[in-house]
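Shown next, in C-alpha cells, is the structure this report addresses.
There are 4 protein chains.
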Amino acid sequence: MARPRNTQERRAQIVTALLTVMAKQGYERASIVAVAAEAGLTPGLVHYHFKSKQEILLSLVVCLHEARRVELDARLARAGDPVARLLAFVDAHLDPAADPDRAAAACWVTIGAEALRQDEVRRLFEELTRGQAGELRLLLTDALRARGRTTADVEALAAGVLAAIQGCHHLAATTPGVVPAGSPARTVRRMVMGLIDSQSSAASGRPGRSTGGKAR
Amino acid sequence: MARPRNTQERRAQIVTALLTVMAKQGYERASIVAVAAEAGLTPGLVHYHFKSKQEILLSLVVCLHEARRVELDARLARAGDPVARLLAFVDAHLDPAADPDRAAAACWVTIGAEALRQDEVRRLFEELTRGQAGELRLLLTDALRARGRTTADVEALAAGVLAAIQGCHHLAATTPGVVPAGSPARTVRRMVMGLIDSQSSAASGRPGRSTGGKAR
Amino acid sequence: MARPRNTQERRAQIVTALLTVMAKQGYERASIVAVAAEAGLTPGLVHYHFKSKQEILLSLVVCLHEARRVELDARLARAGDPVARLLAFVDAHLDPAADPDRAAAACWVTIGAEALRQDEVRRLFEELTRGQAGELRLLLTDALRARGRTTADVEALAAGVLAAIQGCHHLAATTPGVVPAGSPARTVRRMVMGLIDSQSSAASGRPGRSTGGKAR
Amino acid sequence: MARPRNTQERRAQIVTALLTVMAKQGYERASIVAVAAEAGLTPGLVHYHFKSKQEILLSLVVCLHEARRVELDARLARAGDPVARLLAFVDAHLDPAADPDRAAAACWVTIGAEALRQDEVRRLFEELTRGQAGELRLLLTDALRARGRTTADVEALAAGVLAAIQGCHHLAATTPGVVPAGSPARTVRRMVMGLIDSQSSAASGRPGRSTGGKAR
DNA sequence: GATGAATGAGAATTCATTCAT
DNA sequence: AATGAATGAATTCTCATTCAT
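Protein sequences, first through last, are from chains A, B, C and D.
For the first sequence, counting from 1, position 80 maps to 80 in this note's numbering; every step adds exactly one.
For the second sequence, counting from 1, position 117 maps to 333 in this note's numbering; every step adds exactly one.
For the third sequence, counting from 1, position 19 maps to 451 in this note's numbering; every step adds exactly one.
For the fourth sequence, counting from 1, position 127 maps to 775 in this note's numbering; every step adds exactly one.
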C-alpha cells in the first residue's frame, strides 16, 4: 500500500545531476530547476528529498570524496612497499584511468570556492581535507622511514603533496592547454620522490641533497 | 571649466572593493550593491565606470596578475644563477613576505572557479596562465641546462610547478589549518629541485635518479 | 495527486493584461509589475509563465491577429460575389461592430513601433502582414476579374488597401477627433472601389478612368 | 567677452540626433547619452539646452512637421487646378523624391505611438493633425466643387486620405517588402480620385458611381 | 511521493536628471 | 557654455523555497 521507498535512489539522482550542472554553470547558477531537469525530476520533488540546496552540495562533496576513497583503497591494497603505497595515493587522485570524470575535477574547483564562503561547506571540506592530510602523513612517514630519512617535516610535505594534486585538478580544469596529457600523475610522482630524497638522513641529520635558496 | 576626470581612481577603488568583498563572499554573492558600499559609492556610479560586473572582475584579474608580475621582476633582478632565478619564480608567488594579502589568494581560487563558466574570464585567465607557463619554461630550461639535464619534459615540469603553486594558494585559502606557516614556499622549492634532479642527464640520457611506479 | 495545469489560462490572462496596459502606456512603460497588477498576479509568476517580456508581446500579436482572422473568416463565409468578399476584408478590420476594442487599435500602433526595433517582433509582424497581403491579393484578383479589369497592379493595390486600413487604426487611436464615427469602413470601401474602377479593362488595355498627375 | 550664442545650432543638432537614434531604437531606448553621442555632445549639455527629454521630442515633431509644410507649400505653388492641388498634398507626403528620409517615416510611427501615452505629445500631435485635416478639407472641397460633386462627406474623406498617407508610412517603415517601390504615391492618388468620383453630384444628389455594401 | 504553480526577496542594469567644477 | 561624475528610482529577470492538490 505504501509506496516503496525510493529516497536513496532519488537522492543519488539529484546529487549526480548537481555534479553535472555545477561543472558547467557553477554552484550559484546551478538552479534547482536546472538540477531537477537534469535529473528528470521536478523542482518540488528536489526539496522533498533535500531540505535545501546546500544540503545537496554537501551530499555531493561526500560522494565525490567517497569515490576517491574507494579508488585509493583499491590501489593501496595492490601496492607493496611503503614508497609504492605513497605513490598510489598520488595516482588515486591523478591517474587519468582513475578519474575519467572531467566534471568531477571542475566540481572540486567549485567546491573549494564555495568553501570560502559557506561555513557548512568549509567545515565539511576542511574535515575531509584534514583526514586526507592525516592519511598522507602516515604514508609519507612510512616511506621516509623505509628510505632512512627523518620524518621531521612530514606536515609540510603532506601539505605540499595535497597542494600539488589539488593544483593539477585546478589547472587541468581551467587551462587544459598548458597541461600535457597524462603528465600530472607522472610529474607529481617525481615531485613527491624529490621531496623524500631531499629530506635529511634520519641518523646523521645531514641533508639528502641540498635544495632551494643557497642551493648548490 | 570642465569637471576633472577621476575615472582611473574610481575604477581602482571599485576593483579593490571587489577584491575585498569577493574574498569573503565569492563572485556571485559579491553584489554590486555590496561592492559599491565597500567602496563608499552608489551602485549607479559603479555602472557608470564599468559597463558590467564582469568587466570589474576582468579588471581585477589583470590587477592581481600585474602585482605578481612586479614582484617577480623585482626578484629576478636580484637573482643570480639560473637555478636561483627559477626559485625566485616560486618565491614570487608563495613567499609570505611577498603576498601578505590573504584576500588575493582567496580571489585566485574564485577566479579559477569563474573561469570555468564565463568565457571571457576563461580567455583572459588562460592567456595569463599561458604567459606564466611560457616564462616558467624558459626559467626551467636555463636551470636544467645549468645542471646538465635534458630539457625534454619541460612542458610537463612547468605545468607541475604552476599546479603546485596554485594548489598552495587553494589549500591555504580553504583549509589554512593543514598548511604549516611558511611552509609552501620551502616545500615547493624542494619539489622543483626534485624535478630538476630527477631529469636525466643531457649527455648520457640516463636518469638523474629513478622515480615513479617501480621506484626503487 | 499532481497539481492541475493552468498555464493556458494564466498566459491568456497575462496577454490580456498586457493588451490593456500597453494600450494606455505603450510597450516600454508597460512594466511587468504593472502587467502583473492588472492581471492580479505577482511579477514572479509572470516570468514563470513567460520567459521574457518580449514573449508576452509576441503572444499578444498572435492573439490579436487570430481575432481578426476569425472575424474575417466569418464575413467571407457570408459574402457572395468577389467584390463583396473583397469589401468583407475591409469590414473585418474596420467595421466598428467587428472590432469594438479601442485598445486593440492602440496596440497595433504600438506593435508597429516595436517592430521597428525588436527583430523578433519585426519578423513576426512581417510574416503576418505578408500573409494578409497575400490573401488580399487573391481577393483583389477575383474582384478585378469579375469586373473585367487587368490584375496587373495587384501588389500595389493590396499594399494601398492594407495601408489605408492600418492608417485608419493609427488615426483613430491617436487623433480620434478627426475621424467621424463609423466613417473609416465606409471611406475605405469607397477607396477600394475607386482602385478597382480605375484599373484598365482587361481586354482593351485602356484605363477605366483617368487618374494621377495630369488628371483632369 | 560673453560667449557667442549657439543655442539654436545646438538645439538643431540635438533634435537631429534624436531623429537618428529614435529611428533605430525607439523613443524610450533613445537615451540622452546616446543622443548626445550622436550629436557629438555631452549628456549634461543636452539638458542645458532642453529642460527634458520630452521637450526634445516635441521639438522634433515640430521640425518634421515643418519640413512637410515646406514641401507642401512648394508643390501647391506649382499646382494649377484644384484637383492638381489636392494631389499635390498626397505627393508632398509620399513622393519618394520629396521625403528621401527613411528615418523620418520611422519617426512618425514612433511619434504616433508616443502620442498614445504622453499627453503633451498627444496634444501637439493632435493639433498638427487637425491642422492638416483642415487644410485637406479645403483642398478636397475645391476639388469636389471643380468636379461638380457635393462636399457633404468632406470630413470623412479627409480622414480617409490622411489615414492612407499615414498608413503608407507605417507599412513602408515596418514591412518594406510588401510595398512595391514608388507605388504609395501612385496608389493613394488613385484612391483619392476614386473617393472624389464616387461622391454624388452636387445638383442631382445621385451618386457618381455606386460603391461598397450592395455594390454589385 | 510527486507535481507544478506561486511567492518574495534580491540580482544586474539603465537612465533622466542634477550639479560641482 | 560645457563637462562628466553622481544620484536614485525603476526595470527585467532569477531563484530557493513553499504549498495546494
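Yeah, the Cβ is synthetic: ideal placement off N, Cα and C, and Gly gets one too.
Please compile the residues from chain D whose C-beta is within a distance smaller than 8 Å of the C-beta of residue i.
i, result
"F521(C)", "The contacting residues do not exist; F521(C) stays about 12 Å from chain D at best."
Does DSSP put residue i in a helix, in a strand, or in coil?
i, result
"R5(A)", "coil"
"G860(D)", "Note that G860(D) scores a pLDDT of 40, beneath 50, so its modelled location is shaky; the value from the coordinates is reported in the next line. The answer is coil: DSSP assigns G860(D) none of H, G, I, E or B."
"R797(D)", "strand"
"S849(D)", "strand"
"L473(C)", "coil"
"Q550(C)", "coil"
"D73(A)", "helix"
"G194(A)", "helix"
"T822(D)", "helix"
"G242(B)", "helix"
"G599(C)", "helix"
"K53(A)", "helix"
"P616(C)", "helix"
"P96(A)", "coil"
"D513(C)", "coil"
"D533(C)", "coil"
"S275(B)", "helix"
"V611(C)", "coil"
If you compare alpha carbons, which of the options is closest to residue i?
i, options, result
"F305(B)", "Q382(B), Q224(B), D413(B), Q270(B)", "Q382(B)"
"A143(A)", "Q132(A), Y48(A), L157(A)", "L157(A)"
"V694(D)", "A715(D), A665(D), L724(D)", "A665(D)"
"D307(B)", "A322(B), K269(B), A290(B)", "A290(B)"
"A529(C)", "E441(C), S615(C), R622(C)", "S615(C)"
"V494(C)", "E470(C), A471(C), R555(C), T573(C)", "R555(C)"
"L171(A)", "R102(A), D153(A), V154(A)", "R102(A)"
"G364(B)", "E351(B), S417(B), R333(B)", "S417(B)"
"E225(B)", "H265(B), K240(B), V249(B), V404(B)", "H265(B)"
"A545(C)", "M454(C), V447(C), I446(C), R435(C)", "M454(C)"
"E55(A)", "V188(A), L76(A), D119(A)", "D119(A)"
"A180(A)", "D369(B), E343(B), C323(B)", "What sits at residue 180(A) in the sequence shown is Pro, not Ala. It is D369(B)."
"A349(B)", "K267(B), G256(B), E371(B), A283(B)", "E371(B)"
"T403(B)", "I230(B), H309(B), E282(B), A218(B)", "H309(B)"
"G131(A)", "E66(A), A77(A), W108(A), K51(A)", "E66(A)"
Using a C-beta to C-beta distance shorter than 7 Å, which residues of chain D count as neighbours of residue i?
i, result
"R581(C)", "Here the premise fails: no neighbours, minimum Cβ distance about 12 Å."
"E567(C)", "Residues of chain D passing the Cβ test: none, with the nearest at roughly 12 Å."
Using the beta-carbon of each residue, which ones in chain C are nearer than 7 Å to residue i?
i, result
"H695(D)", "What H695(D) touches in chain C: nothing, since even the nearest Cβ is about 21 Å away."
"A761(D)", "G458, V541, T542, A545"
"V827(D)", "A591"
Quick one: measure Cβ to Cβ for residue i and residue j, integer angstroms, because I've assumed they're closer than 8 Å.
i, j, result
"T345(B)", "V178(A)", "6 Å"
"S707(D)", "R659(D)", "7 Å"
"L228(A)", "Y27(A)", "The structure shown does not extend to residue 228(A), since chain A is modelled only from 1 through 216, so no value can be given for it."
"L355(B)", "L302(B)", "5 Å"
"H169(A)", "A105(A)", "4 Å"
In chain order, what residues of the same chain have a beta carbon less than 7 Å from the beta carbon of residue i, not counting five sequence neighbours either side?
i, result
"M191(A)", "A164"
"L784(D)", "F737, A806, V809, L810"
"K862(D)", "Note that K862(D) scores 35 on pLDDT, short of 50, meaning its location in the model is unreliable; the coordinates nonetheless yield the value given after this. Result list for K862(D): empty, nothing under 7 Å."
"R765(D)", "none"
Can you name, in chain order, every residue of its own chain whose Cβ lies under 6 Å from the Cβ of residue i, other than the five neighbours on each side?
i, result
"F773(D)", "A763"
"A684(D)", "T690, P691, V694"
"P514(C)", "D574, A575, A578"
"D527(C)", "A617"
"Q25(A)", "none"
Please list the partners that residue i has in chain A, where partner means a Cβ-to-Cβ separation under 8 Å.
i, result
"R313(B)", "For clarity, residue 313(B) is Ala in the given sequence; the question names Arg instead. By Cβ distance, chain A contributes nothing, its closest Cβ being about 13 Å from A313(B), past 8 Å."
"H386(B)", "G112, A163, Q166, G167, H170"
Which residues of chain B have a Cβ atom closer than 8 Å to the Cβ of residue i, listed in chain order?
i, result
"D73(A)", "Those within 8 Å of D73(A) in chain B number zero; the least Cβ separation is about 19 Å."
Using a Cβ-Cβ cut-off of 8 Å (strictly less than) and excluding sequence neighbours within five positions of residue i, which residues of its own chain qualify?
i, result
"L411(B)", "L373, G376, V377"
"I464(C)", "P475, V478, H479, K485"
So which residues of chain A does residue i contact, with C-beta pairs closer than 9 Å?
i, result
"G410(B)", "R190, M191, V192, M193, G194, L195, I196, D197, S198, R209, T211"
Just to make sure I have the definition right: I need the residues of chain A whose C-beta is within less than 7 Å of the C-beta of residue i. Which are they?
i, result
"A389(B)", "L116"
Could you name the residues of chain C that residue i contacts, counting a contact when the two beta carbons are closer than 9 Å?
i, result
"P832(D)", "A588, A591, G592, A595"
Mind pulling the chain D residues with CB within less than 9 Å of residue i?
i, result
"V466(C)", "Val is not the amino acid found at residue 466(C); the sequence shown has Ala there. Near A466(C) there are no residues of chain D at all, since even the closest Cβ is about 12 Å away, more than 9 Å."
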